[in-house]
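Here the structure is laid out as structure tokens; the discussion comes afterwards.
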């Protein structure tokens, strides 16, 4: 589904991003895998020997204003084009009521989850336009979209902001054959979710399917949006949440 396409993945060192890296490599993509932990990225690349020559790793922090330009340059310098970007990196931040949260935490979460998306788009859209078009996917969440969870104000606000940004970018990018979508996962078994069985059971109960997602299930939805299979999907907030948004009991 991605043969010959060059895809940039942020947050690629673990969880959904790592699952996407493995899946997209199997689908024939050229990959730029980006995350703060360069050693983890190298481990993923080495675990894909059949695709090793098609993978470049790039260590950096999406909150760094220079990250977006450098990661896009890595794709252009190595593969000569950019066809898609899965902007998946993010953070949860401190949990607690608004009255207890620091301005420093608020700014850090918004910088990592929302401002980084703005910076990414500024670099990715021109590169894709030069390649004849492309697809951008931002990882958002159901939190702040269909439900509010206590203690998650900064996370919810930053991720909800991605929906508005997605819609505007989709309108702006459409004439250049650039599609832009937000992907909204439900509870997923990643490092961010921790490993407490009691917490996992609670989260599973919030979903109609009464379970959490495997990272590969979310990566498969991203694959659809980035590939030609999703060629007429743009400006959407695609729920891949196991029915979380429709469950009240």
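Residue numbers (the working numbering): 196 to 444. Even glycine gets a Cβ: it sits at the ideal position worked out from N, Cα and C.
Range of the contiguous alpha helix (DSSP H) that encloses residue i
| i | result |
| --- | --- |
| residue 251 | Run containing residue 251: none in the alpha helix (DSSP H); it sits in the beta strand (DSSP E), 250 to 254. |
| residue 211 | 210 to 221 |
| residue 305 | 298 to 305 |
| residue 360 | 348 to 368 |
| residue 273 | 262 to 274 |
| residue 239 | 233 to 241 |
| residue 422 | Taken as a continuous stretch (DSSP letters only), residue 422 belongs to no alpha helix (DSSP H), as it is neither H nor E. |
| residue 320 | 311 to 325 |
| residue 395 | 392 to 400 |
Extent of the continuous beta strand (DSSP E) to which residue i belongs
| i | result |
| --- | --- |
| residue 227 | 225 to 230 |
Cα-Cα separation between residue i and residue j, rounded to whole angstroms
| i | j | result |
| --- | --- | --- |
| residue 393 | residue 316 | 38 Å |
| residue 267 | residue 351 | 28 Å |
| residue 200 | residue 426 | 14 Å |
| residue 296 | residue 258 | 20 Å |
| residue 222 | residue 197 | 5 Å |
| residue 320 | residue 361 | 12 Å |
| residue 277 | residue 202 | 6 Å |
| residue 239 | residue 412 | 18 Å |
| residue 236 | residue 209 | 9 Å |
| residue 391 | residue 292 | 22 Å |
| residue 265 | residue 434 | 31 Å |
| residue 269 | residue 349 | 31 Å |
| residue 432 | residue 358 | 6 Å |
| residue 262 | residue 289 | 24 Å |
| residue 310 | residue 345 | 23 Å |
| residue 243 | residue 294 | 47 Å |
| residue 441 | residue 272 | 45 Å |
| residue 327 | residue 372 | 7 Å |
| residue 369 | residue 332 | 14 Å |
| residue 214 | residue 383 | 12 Å |
| residue 252 | residue 334 | 20 Å |
| residue 452 | residue 283 | What is shown of the chain runs 196 to 444, which leaves residue 452 out entirely. |
One or two residues paired with residue i in a DSSP bridge
| i | result |
| --- | --- |
| residue 333 | 282 and 377 |
| residue 432 | 377 |
| residue 201 | 225 |
| residue 408 | 383 |
| residue 338 | 342 |
Supposed close pair residue i, residue j - CB separation, criterion 8 Å
| i | j | result |
| --- | --- | --- |
| residue 408 | residue 437 | 6 Å |
| residue 376 | residue 429 | 6 Å |
| residue 402 | residue 439 | 5 Å |
| residue 418 | residue 219 | 7 Å |
| residue 285 | residue 308 | 5 Å |
| residue 228 | residue 250 | 6 Å |
| residue 422 | residue 374 | So it is not a contact: roughly 11 Å between Cβ atoms. |
Buried versus exposed, by CB contacts within 10 Å (16 or more), residue i
| i | result |
| --- | --- |
| residue 410 | buried |
| residue 241 | exposed |
| residue 404 | exposed |
| residue 206 | buried |
| residue 343 | exposed |
| residue 424 | exposed |
| residue 363 | exposed |
| residue 247 | exposed |
| residue 378 | buried |
| residue 443 | exposed |
| residue 387 | exposed |
| residue 314 | buried |
| residue 226 | buried |
Any non-hydrogen atom of the ligand GTP closer than 7 Å to residue i Cβ
| i | result |
| --- | --- |
| residue 403 | Inclusion of the ligand GTP in the displayed structure is not the case, the ligand content being empty and no account of it being possible. |
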